[in-house]
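Enquirer: Residue numbers (UniProt numbering), protein chains in the order written: chain H, 1 to 471; chain R, 1 to 471; chain S, 1 to 471; chain B, 1 to 471. Yeah, the Cβ is synthetic: ideal placement off N, Cα and C, and Gly gets one too.
1) Taking 8 Å as the threshold (beta carbon to beta carbon), is residue 93 of chain S in contact with chain R?
2) Evaluate the contact criterion for the stretch 269–288 of chain R versus the stretch 310–326 of chain R: three or more CB pairs, one atom per stretch, below 8 Å.
3) Verify the CB distance criterion: does residue 357 of chain R have a CB-CB separation below 8 Å to chain S?
4) Taking C-beta pairs closer than 7 Å, name the residues in chain H that residue 251 of chain B reaches, listed in chain order.
5) Taking its Cβ as the centre, do 16 or more other Cβ atoms sit within 10 Å of residue 331 of chain B, making it buried, or is it exposed?
6) CA-CA distance, residue 63 of chain R and residue 109 of chain R?
7) Report yes or no: is there a C-beta of chain B within less than 8 Å of the C-beta of residue 326 of chain S?
8) Would residue 45 of chain R pass as an interface residue toward chain S - the criterion being a Cβ-Cβ separation below 8 Å?
9) Is there a C-beta anywhere in chain R that falls below 8 Å from the one on residue 374 of chain S?
10) Just the Cα atoms here: how many angstroms apart are residue 30 of chain B and residue 357 of chain B?
11) Taking 8 Å as the threshold (beta carbon to beta carbon), is residue 118 of chain S in contact with chain B?
12) Would you call the stretch 367–377 of chain R and the stretch 322–338 of chain R touching, i.e. three or more CB-CB distances under 8 Å?
13) Residue 268 of chain S and residue 212 of chain S: beta carbons closer than 8 Å?
14) Quick check: what's the CA-CA separation for residue 409 of chain H versus residue 302 of chain H?
15) With residue 245 of chain S and residue 207 of chain S assumed to form a contact (beta carbons below 8 Å), what rounded beta-carbon distance in angstroms separates them?
16) Using the beta-carbon of each residue, which ones in chain R are nearer than 7 Å to residue 152 of chain S?
17) Thinking C-alpha only, which one of S/308, S/274, S/440 and S/424 is nearest residue 359 of chain S?
18) Short of 8 Å in beta carbon distance, which residues of its chain neighbour residue 451 of chain H, apart from the five on each side in sequence? Order them along the chain.
19) Extract the residue ranges of the alpha helix (DSSP H) inside the stretch 396–436 of chain H, only unbroken runs of 4 or more that lie entirely within it.
20) Can you tell me whether DSSP reads residue 466 of chain R as helix, strand or coil?
21) Comparing the C-beta of residue 191 of chain S with each C-beta of chain B, is any distance below 8 Å?
22) Applying the 10 Å Cβ sphere with the 16-neighbour rule, what's the burial state of residue 402 of chain R?
23) Assuming the contact rule is C-beta atoms closer than 8 Å, residue 322 of chain B and residue 347 of chain B should be a hit. Round their C-beta distance to whole Å, please.
24) Mind listing the chain B neighbours of residue 156 of chain H? Cutoff is C-beta to C-beta under 7 Å, in chain order.
25) Using the C-alpha atoms, what's the distance from residue 214 of chain B back to residue 387 of chain S?
26) Here's a check: name, in chain order, each residue in its chain whose Cβ is nearer than 7 Å to the Cβ of residue 156 of chain S, leaving out the five neighbours to either side.
27) Just reading off the beta strand (DSSP E) that residue 184 of chain H is part of, what are its end residues?
28) Quick one: does residue 488 of chain R have its CB under 8 Å from some CB of chain S?
29) Please report the straight-line C-alpha distance between residue 194 of chain S and residue 255 of chain R, rounded to a whole angstrom.
30) Residues of chain S with CB closer than 7 Å to the CB of residue 228 of chain R, please, in chain order.
31) Taking only the alpha-carbon atoms, compute the straight-line gap between residue 18 of chain H and residue 124 of chain R and give it to the nearest angstrom.
32) Looking only at its own chain, which residues have a Cβ that is under 6 Å from the Cβ of residue 223 of chain H, when we skip the five neighbours before and after it?
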């Protein structure tokens, strides 16, 4: 059998989990934040981080929940004679604790990066064999989050046990510091990470690196989306490639341990608005971390309004913490220029009894699509209350902030009086309990037990709904 | 070469096996019983078990052979300071030995559950590293059967040797208690369990968890039925998916060590009667354990009459203990709404020289199907006695208890004077020896060496026959 | 790069191999003999072995080279208190050394069987952990050959290193006895045996067990022929299935270490004469051991004349020891009742500069097939001497003993004055050097550099030729 | 994430790599030289090496950069009593240091060969377990390069960790000698070498052995080109087979550690001139070592002019060291006689901002092909400077030395006054900086942001261009 919480539609469950669902108490919902890699790669500095943090705060993204500011690779200039890591003095003239202090003072959390290898992926010192001293370095510099990569690992992979031991060494070292540090594995899903990640970490990458393409196959990401156990994760993996790899893995994630589909490419590259919406919706729905990969100082208004769409974020931060399931998939003849064309239907339960669904169109033409309650409540039996009820349909994008408002916020570097959701003031959990309309989209209709939900989904796009029991 | 008993049609074998075919003397036929998981999941209690046992007894299922009452996950509330497991006092106010005593007094056997991991799948304490003390706990509480799961195993899998060692630790610990305890592995077929399961256990799961669908592919069960060595077993595997994975594995099972295709979904979910018959027949024929997954207090009459079909159970409990073989399979154009449509023919030898055969129709239309002696005795050579004989055909479902009788039994909570088989009074082996007609179905015709056996098989259904040499 | 002797057509090689090509000096050509398993399975006895040996001798098969008489599984009755293996007293009332003496007195070599596991496949004591004492048992009983199986191996497989260590333990133990013992691995090709087999053994099985079917897929042999690295070897593998698995492996076999495609099914089951010829030819050509699986006391005349076809055996026993290569394969529409239909062309070099070729028709209709020198000498470059020469074509089956003669031999239990080749009197090597016509088939034509070799190949049959440079 | 230098088109990168990109300081560009195996196999001698070196020098190939003279297998005659390797006295009457001295005196570097196994592939003593003494032997004999093979490895493979340890032992031993020795792994890509090769070595073979065929599948190279993680590398792999296996691996190679696609077959076998050009271009473009496999004393003029094409070599030796990427591939209906027909487009960045592209036609008919800037700069976003610029197109083969000149050089054994590039006099790096026209091909046109690059590519041929920003 497998993880309990997925069975709750099968039976009235009175028990509570016997152990904490998070190994270290962190990650009760997927992490949200910003990481410099996808846009800035190695071009990092104190100024970049602090300027970015200020901007994130000023345009309201911090209050929307993006609280982890994550410094990726290339921050180091080596080790001291006795082995302590040293931050690059040119990039970080005041040291890392100065960055941490600034971030903490502004209610951010600070993420840093290392690799479970001899070197980081960019060739800086790695932490393999230095776990304890490096964990101490991070803790003593006020770090709240560690992204832990997989390059130059000396062949120490190829069996779950081998990878587990290598990543557990840092898990133990972080625990030993006494500081609560969110532990984010970046071993690209190698050695079936989803089976053992939650034992020792709060999230784990499950594929090669993302790139801002919706369907384009790239020779550098050699496993197609159905190969969940890829021996060569690579990089330049498309959004649909990663999503398909993640499809079976939802059952192994949950409160305290999340599948990480990689940083968000919203506002990076040349994705269309429909593609960005679909990307953000699906990452939210499968409970991936929501980590901004864009340059927030040069954000399109439309991308801003995607990152700030609270009704979608609320799906991600739902307290139930259950990733949605892909209920069906079909190839369609309307393939795009890369020969790709797939439609899918996803559905997942929410904490308050609502259900989130997605009709995803990977074809290159707008497409009428439909579903019904039997598909939506795919784990329920005939006669169940779910299948016998009427449900109201809320479009989770209908209440999106308009472009003018977004542009205003970005231009003024201030939210002003726009009604952007503020999770600092009212958490998503409490906001949902209070029925804050910004968290529920816009009602567009309803569906009865024998009814059909019909809609037209744009090419490379999504219809993304929350179903609420009709009253 | 491989297991001896499969070669018996090739040669006159005078030898006997050199060693006991069961490592611990148990499991000479596949286990039968009831397990709470598929219907009740974590909603377990003393009352559920005892009420269920009483009901199983009263409606005649115990006397049909369903003697193991298996308490699945979620019974624990942790460990004492010195490491002893503790049963949840709310669910089991009188402790586990009270349950055991009640069951033993009523001639049931008592099964419990743990996991070869840090936690059970539902997050309760697991037995990895606690094998000896936990085996002692189970033995001292009168446990007769251990279902041993695979969650939170700290990456200790990925090679047969790794999994073998982990599961052997509990095997040794159970042996050390001195109490005969049926050892049922639940590691989802990981690391080619069928190659090493019989060395240390009485049965082993060979796939991800079953769910009550006949053919529906589910993204959470990502390996299709031909992938016998699935790296991601998952759950929500359909009946046909599991059956196809099991097809090659019969050669590695036999007396004392069985492939476990998971609990029976008869009476669970929305399977049709034809689907339930096919499911039950095939599980019986491949010598899977027959473990009821339904709520016996809310059983449909038709499902009851499947569980109580003694002529099918007799196939399962046949003393020869040889799983049937899939002789052929073909795709048909009459696919169902999930795009599935496969027909198959299975055949297997029985202890008294009879042969059991199944014509299985996975398509969505009733279908004329046929076979002949060359297919039925697929391992015999031309000129053999088997191919030269006439055979009578017995339909193993023709003597099924009618719905009115079943309803009466269920409503009265008593078998009354219905002619339900009683294996307590007369074992299947003895009943077959005495030619008890309830164990042989109904003769519907015969087939000659050059003849053809013709029948029409319902959609998602089975024709299930026992062939007996014509006299 | 890979094994040297395969490169000889690329360059004039003046070097000799730096080390002995056989790890123990045995197996300079593939072993020939008889094994009881395929016909008699566990029904073994002193009488069976000695009667069979006498018969093999009397009908000339011993002098054709079938000198190993191999007793397979089921000969044991356990171990003594101090661990020594004991032969079953009922089956072998005079002990194993009596058998060995009889065989040796008649110039046979004696083979026995054990398994690198806790039990043999039929459940008798295995040698895992008993390697030294068992090797001593075999040596002290005059055993010349050990077939070493893979059942009940306690999960000790799954990586080459794991299997290697298990099989090396017996290799070392056999060496330590001081007696030259041919070491024949039977681990079904698990863990890429072809890569490491020749380090420690004289031959190694490379697939699941054979059964007497030419193309029929069987669910118990789940890997198709292109899956050379099958995780589940199984049994009931067809002749074409095994041959296709072996196709790439020729490069890893050679003098001292052979790919073993399993015992010969000539005269077992219901193969046609064309199938038996193709089977025997291909096993000979890829330098598989030639081990008779039939009951030689009940052999068809046509099967006898296949086993005794010296011109084909001479291919197998050619001193060069280079397995032939599959040059091409194509699917044809004339598929048989199992949906199989493949044609192939094979070619391989011989010690004296001749070349052996096979046109193999797996379709169900006779088929015109052809080839030319470019295909035949597939490793030669334009302008080479091979491609510029004329070659005479010898049909290796044209000089087959006629059925009347064969029947006479079998009926009279004596070769009489039939011209059956006698390798005891004149070895294959010497016979070829002396141009003994029985070793070269019958000349049927010739082929020029631009010519085409045309022939018609029967369904499930072969055209099998030796090419000799025209003089 | 993965290797840094591939991300440079995503972001302005100011950082430098934190560690040396070469583990031992060697291999800053792919090695160039000559290896005897592909033509001479075991037929090696002092005379062959020294004559070949003289010839390489005289016809200008040394000054083109082919400086490593590599003696492959079969040079040994065993070990002394105390374990020191001994060179075969007949082949090398003056010992190996005499060869080294001659080579060094002529400004060559000396390569030798061993295997990480019990024997070399040709059966000579291997270095497994003798790493330190053998490294010392090589160092003390003036060896500058070790090709280290994989035969007879005692089953020590099957997991990255297992292979890594075996190859690291020699890496450590070479380092310990204190002599800089280029370390070239030849383990056929086993166990995902590309993941760990650069930690311990300067290059690593990534496939089975090449043979001089462009597309022909050979049963001895059983994995097709998309199987990058082939469990059975084999040999006789075609050029396209190896190229396709290499396609995803460029991301794991770079300065100091290169994917080795095996020796060049230019001038070996019967490749057409178009095939040889395509082969040489692609090996250059993916930054494979350029190691001549031909007999330079019997070289066709056309093959000579390929080996000496400096504008193509300059691509290979570009200081940026980034392997090109396969941007797309398509099957075409114009398949050749082996059923193969694939067209591909490759592109890669160069150190000075230029870009190299290849239009590859694997079909059997000349074919119009085209591309545009979006494909050429496949990693750039809309609006980037690359996509907005005009580019001049230089044909890298248009300035090829004509056959008459080549023939003259070969006949006179002297470059004479032909304008063959001399990298000894002016390195590729400096030559490019000085805009030496021999390094840039011939301008044939230009392409604008919205333009299309049109050309016709011969069957089994290539169009190979360098794009330079228009001024």
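Expert: Here's the rundown:
1) no
2) yes
3) no
4) 220, 234 and 235
5) exposed
6) 13 Å
7) yes
8) no
9) no
10) 19 Å
11) no
12) yes
13) yes
14) 12 Å
15) 5 Å
16) 199
17) S/274
18) 372 and 373
19) 403–412 and 428–433
20) strand
21) yes
22) exposed
23) Going by Cβ atoms, the distance from residue 322 of chain B to residue 347 of chain B rounds to 11 Å, so no, they are not a contact pair.
24) 161
25) 20 Å
26) 162 and 166
27) 182–185
28) The first residue shown for chain R is 1 and the last is 471, placing residue 488 of chain R beyond what the model contains.
29) 34 Å
30) 222 and 232
31) Since pLDDT at residue 18 of chain H reaches only 44, below the 50 mark, its modelled position is unreliable, and the value read off the structure follows with that caveat. Distance between the alpha carbons of residue 18 of chain H and residue 124 of chain R: 4 Å.
32) 230
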